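Here the protein sequences come in this chain order: A and B.
Residue numbering for the first sequence follows our numbering, beginning at 62 and increasing consecutively.
Residue numbering for the second sequence follows our numbering, beginning at 2 and increasing consecutively.
Report on the following structure.
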Amino acid sequence: MSDRSESDRLQRESWLQSTIRRPEIGAFIVMIVIIVALLFASNGKAFNALGLKNNIKIISQFGIIALGAAMLMIAGEFDLSIGSMIGFAGMAMAMMLKWGLPFGLGAATPFTAFAVTLVMTLALGWFIGWVVVKSGLSSFIVTLAFLFFLRGVTEVSYRLINQSTQISGLPDFKEESWFANIIGGEVFGWFYNAWFALGKWVEGMGIDRTEQWFLLGGNLNRRGEQWVEGFDARFFWFILIAVVAWFVLSKTRMGNWIYATGDNKEAARANGVPVNSVKIGLFMFTAFCATMFAACQVFDTNTSDAAKGNLMELFAIAIAVVGGTLMTGGFGSMLGVVFGAITVGLVSNAVFFIPEIDGAWFRVFLGAILLAAVFANERIRKRITGGI
Amino acid sequence: MAEPYMRVENIVKKFGPFIALNGVNLEVYPGEVHALLGDNGAGKSTLIKTLAGVHAPTSGQIYIEGQPANFRSPRDASNAGIGTVYQDLALNQLMSVTRNFFMGREITNAFGSMKMDEMDKIAHEEMLKIGIDFSDPTQAVGTMSGGQRQTLAIARAIHFGARVLILDEPTSALGQKQQMEVLKTIKRVRARGDIGIIFITHNEIHSKLVADRFTFLALGQVIGEGTKAELEGQDIRRLMAGGADIGQLEKEFAEL
Ligand SMILES: Nc1ncnc2c1ncn2[C@@H]1O[C@H](COP(=O)(O)OP(=O)(O)OP(=O)(O)O)[C@@H](O)[C@H]1O
Ligand SMILES: [Mg+2]
């Protein structure tokens, strides 16, 4: 009998080895490649003051809904109603801001419009989850039903109450409402102030502003003053939701329950995990993410229309998969989803910085990396489950 | 003689018109291994599912430490100290050893975040106690061997207060060496002295190796039972086959 024990069979991995085995590594490498490629192809314009702001805007939009979709996918379910939920939430908020609160409760403030909308969308999320859990039907088909249902309700409501499927020309609520401002205004102004000051300082050193494509490029108005004042507030919400989602998933009991629910529902249930509540809670979370997406849009632009959020559910799922989330549930990482959102966001926006290319290439690219990611994820799953 | 921790009296379980269990008695003593034997379809799994709170018995009574107990859910049974390790083990392949160990019963601090270090340590220690030194608690269960998974499920049941450990065919899907590992694990748990084990198997040799007490089921009824000493000299194999005569089978073979 040898005195080798089980623990001797495990080699200690170096930091590098364990890093390249991380599930996010694929998404990370693709992201770096895209950033570098875009940097060169756009002559840096994609990352100057204005370019960065625009890119972060779209990345945050994708990110907010992809985080919700990924959480739900890890628990083993899909939500195809995200896009219609965005449309519905945007409609509800804009309509209340224009026509007042329902049941004659008077004029709406940005906060009350948001709060009433959130109550409705969370209730819808709860109901969708409840139907999925109680019926035992595939969430694919149940949420597909809500994709049509909610989009239809949105359009019908617009026509009945507003006579038109869009609302524009709302007052700019950001001016007087702090609430509208933290949702639709700008954040991290200090970042751009410092950036601009640095550019000015370099200019003072004798380097002309036309040479400064990076420090001052895209950041001067006609009078030579600072133009970009900060990131869109959705950047803040994206970071906040990402940090909370990461914490919950990897550090808390709830996270363990989410993984357990998506991996093997029966095993989780046998150990006392409330799998139904976990699922319903996550359907409410995707509804919340959709509502935040819509709120940022409404308060940023002071407009809304019936087509808002169209196809967003599919982008959210695609980004979750590109970020390493398994289609079959039980596995995924919020960090990977953030990388996925950055990648997809940058590519979808690339046409603005490289006008020569046809914007449709974005979809070609998305299809290609989606397929690649599915194969990569499947390999990771096989490695973890020992090949079955 | 010591008090049995669990006593089962006249359990009847009907599935519609089908009588799966027809008045079964069983006693489980702390520190003993009780082998539950019987042919396919004899009703072994049905019996333990009744004990584990999955099925409610049609009639009959379960006593825990002399007190009548009625289990309305697996939760009730587990709170009463009945830890069941099912054939499929109720483990999640993609999750780590520690996350599986504490699934549904995580240790958290006041903010609801898990104390991962403490949980890693407990999982490691509990598994070490019954036989495997598992160095990496972050390893996914999917990559563990069948015997290791079995050990994990047993260690988990014990850690969360099982006084009766029910093992449904724990050796059936394993290779020779791993079967022996599981038997050793059973022996180690037995040596603690405070836990009674119900061990279901189709393997005569395994049951003789570890069991102190035997119950033979056939067609939903007990056809023989007793301690190892009492059964000495009796034909365990005949009882395991539900009373069929092996000699008869040999004759039939000869005719073929
Ligand atoms: N839910 C059920 N509904 C109807 N009949 C059932 C049900 N569960 C078990 N049975 C029947 O009860 C009988 C006993 O089954 P059980 O699973 O307890 O056998 P077993 O002794 O565990 O057999 P094996 O050794 O093959 O595991 C079988 O005839 C089975 O078909
Ligand atoms: Mg069985």
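We treat Cβ as the ideally placed atom computed from N, Cα and C, and that holds for glycine.
Nothing here was measured: the structure is a model prediction, and the numbers come from that model.
**Prompt:** The beta strand (DSSP E) with His160(B) in it runs from where to where?
**Reply:** That residue, His160(B), is in no beta strand (DSSP E); its alpha helix (DSSP H) goes 147-160.
**Asked** What residues are listed by DSSP as bridge partners for His35(B)?
**Response** Ile199(B), Arg214(B)
**Request:** Would you be able to state if there are at least three C-beta pairs under 8 Å between the stretch 2-21 of chain B and the stretch 172-190 of chain B?
**Result:** no
**Request:** Assign Lys116(B) to one of three DSSP states: helix, strand, or coil.
**Result:** coil
**Message:** With a threshold of 7 Å on Cβ separation, who are the neighbours of Thr152(B) within its own chain once the five nearest residues in sequence on each side are excluded?
**Reply:** Met128, Ile131, Gly132, Ile133, Thr186
**Asked** Taking DSSP as the reference, what is the three-state secondary structure of Gln179(B)?
**Response** helix
**Prompt:** Alpha carbon to alpha carbon, how far is Gln273(A) from Asn280(A)?
**Reply:** 10 Å
**Asked** Mind checking Leu77(A): buried by the 16 CB within 10 Å criterion, or exposed?
**Response** exposed
**Message:** Could you check whether the stretch 307-327 of chain A touches the stretch 102-114 of chain B, counting it as contact only if at least three pairs of C-beta atoms, one from each stretch, sit closer than 8 Å?
**Reply:** yes
**Prompt:** With burial defined as no fewer than 16 other Cβ atoms inside 10 Å of the residue's Cβ, what is the status of Ile108(B): buried or exposed?
**Reply:** exposed
**Prompt:** Quick one, which of Ile147(A), Lys106(A), Ser75(A) has its alpha-carbon nearest Glu375(A)'s?
**Reply:** At residue 375(A) the sequence reads Leu, which differs from the Glu that was named. If we check each option's Cα against that of Leu375(A), Ile147(A) comes out closest.
**Prompt:** When every heavy atom of ligand 4 is checked, does at least one fall within less than 7 Å of the C-beta of Gly44(B)?
**Reply:** The model on display carries ligand 1 and ligand 2 but not ligand 4.
**Request:** Anything in the stretch 113-146 of chain B with a Cβ closer than 7 Å to a Cβ of chain A? List those residues in chain order, please.
**Result:** Gly113, Ser114, Met115, Ile133, Asp134, Phe135, Ser136, Asp137, Ala141, Gly143, Thr144
**Message:** Between Ala36(B) and Ala53(B), how many whole angstroms is the CB-CB distance? I'm expecting something under 8 Å.
**Reply:** Incorrect: roughly 18 Å between the Cβ atoms, too far for contact.
**Request:** For Asn227(A), collect the residues of the same chain with a Cβ closer than 6 Å to its Cβ; drop the 5 residues on either side in sequence, then sort them by chain order.
**Result:** What sits at residue 227(A) in the sequence shown is Gln, not Asn. Asp366, listed in sequence order.
**Message:** Taking 7 Å as the cut-off, is the beta-carbon of Asp137(B) closer than that to any non-hydrogen atom of ligand 2?
**Reply:** no
**Asked** Hey, is Ala306(A)'s beta-carbon within less than 8 Å of any beta-carbon in chain B?
**Response** no
**Message:** Between Glu233(B) and chain A, is any beta-carbon pair separated by less than 8 Å?
**Reply:** no
**Asked** By DSSP, does Arg73(B) sit in helix, in strand, or in coil?
**Response** coil
**Message:** Given the structure, does Asn41(B) come close to ligand 1, in the sense that its CB is under 7 Å from one of the ligand's heavy atoms?
**Reply:** yes
**Request:** Find the residues of chain A that neighbour Asn259(B), judging by a C-beta separation of less than 8 Å, and give them in chain order.
**Result:** Outside the displayed span of chain B (2 to 257) sits residue 259(B), for which this structure offers no information.
**Item:** Whole-angstrom distance between Pro335(A) and Phe201(A), CA atom to CA atom
**Value:** 21 Å
**Request:** Please decide whether Asn93(B) counts as near chain A, where near means a Cβ-Cβ distance under 8 Å.
**Result:** yes
**Request:** Answer yes or no: does any C-beta atom of chain B fall closer than 8 Å to that of Ile319(A)?
**Result:** no
**Prompt:** Helix, strand or coil: how does DSSP classify Gln358(A) here?
**Reply:** helix
**Item:** Beta-carbon proximity of Asp195(B) to Pro31(B), cut-off 8 Å
**Value:** yes
**Prompt:** Cβ of Ala272(B) versus every heavy atom of ligand 1: is any distance shorter than 7 Å?
**Reply:** Here chain B covers residues 2 to 257 and nothing more, so residue 272(B) does not appear.
**Request:** Please classify Ile441(A): does DSSP put it in a helix, a strand, or coil?
**Result:** helix
**Request:** Indicate whether Ala360(A) and Ala241(A) have their beta-carbon atoms separated by less than 8 Å.
**Result:** According to the sequence as given, residue 360(A) is Phe; it is not Ala. Yes. Within cutoff.
**Request:** Give the DSSP bridge partners of Gln62(B), in chain order.
**Result:** Glu10(B)
**Prompt:** In this structure, what does DSSP give as the bridge partners for Gly227(B)?
**Reply:** Phe215(B)
**Under the three-state DSSP convention, the category Asp324(A) falls into** = helix
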